[in-house]
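Peer 1: Got a structure for you, written out below as structure tokens; questions coming shortly.
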Amino acid sequence: MPKNLFQEIVFTIMMVIVMVYAMICYNIALATGGMRNEIFLLAFHELIIMGPIGFILDMIIAGPIAKKITFKLFNPQKDNPIFILLSISICSIWFMCPLMSLAATILFKGGFQKEMISIWLQTTALNYPMATFWQLLFAGPIVRRLFGLIFPNKTKENISTQSVEKVEQSA
């Protein structure tokens with residue numbers, strides 16, 4: 065997990081790219097009646113617009129609120145880290161899904177019109193299951209793994225564990 069602002073920005077960029085791209089593909093597939101190979105390319109056009117929106121919303125609104133809620137519920141020194149990880153992920157989905165669905169409704173589904181609220185609510189309802197599934201089972205684990213490769217956690221515990229493993233391997 066990120067340890068400073070720079071790492072937080074890198075992590076958020078990685079997560080936004082993976083989440084937003086997948087959700088764009090999903091929404092294009094819903095709008096066109098099914099998944100096709102061309103959707104993977106079409107999604108890049110929307111990613112250029114929705115990616116920065118997702119980054120800003122996550123850094124300014126969803127991320128801070130998700131962490132605030134999580135750290136009111138869980139103590140990092142006492143509670144299992146998986147509970148903290150899952151709580152931040154789920155709280156992020158709670159806030160990002162309706163916010164990003166609103167942005168997509170305004171930008172790609174007719175904007176401000178008399179049916180806007182209905183379209184936004186339907187979009188949000190259709191996106192929640194996919195966003196939750198994708199975040200918890202794919203995007204979250206993939207991004208955390210890649211992030212861990214880029215920024216290895218060099219705590220004393222990790223270093224001593226790695227040293228023990230090297231000694232055991234050489235024996």
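Note that this note's numbering numbers the sequence shown so that position 114 is 178, with each residue one more than the last. The C-beta atom is built at its ideal place from N, Cα and C for all residues, glycine as well. Model, not experiment: these values are computed from the prediction.
1) Do LEU111 and VAL74 have their CB atoms nearer than 9 Å?
2) Compare the C-alpha of PRO162 against each of PRO140, PRO145 and THR187 and name the closest.
3) I'd like the span of the alpha helix (DSSP H) that includes GLU110, first residue to last.
4) Output the distance between the C-alpha atoms of VAL80 and LEU210, rounded to the nearest integer angstrom.
5) How many Å lie between ALA167 and PHE147 at the Cα?
6) Could you have a look at PHE215 and say whether DSSP puts it in helix, strand or coil?
Peer 2: This is what the structure holds:
1) no
2) THR187
3) For GLU110, the enclosing alpha helix (DSSP H) begins and ends at 101 to 121.
4) Between the C-alpha atoms of VAL80 and LEU210 there is a straight-line separation of about 14 Å.
5) Between the alpha carbons of ALA167 and PHE147 lies a distance of about 30 Å.
6) coil
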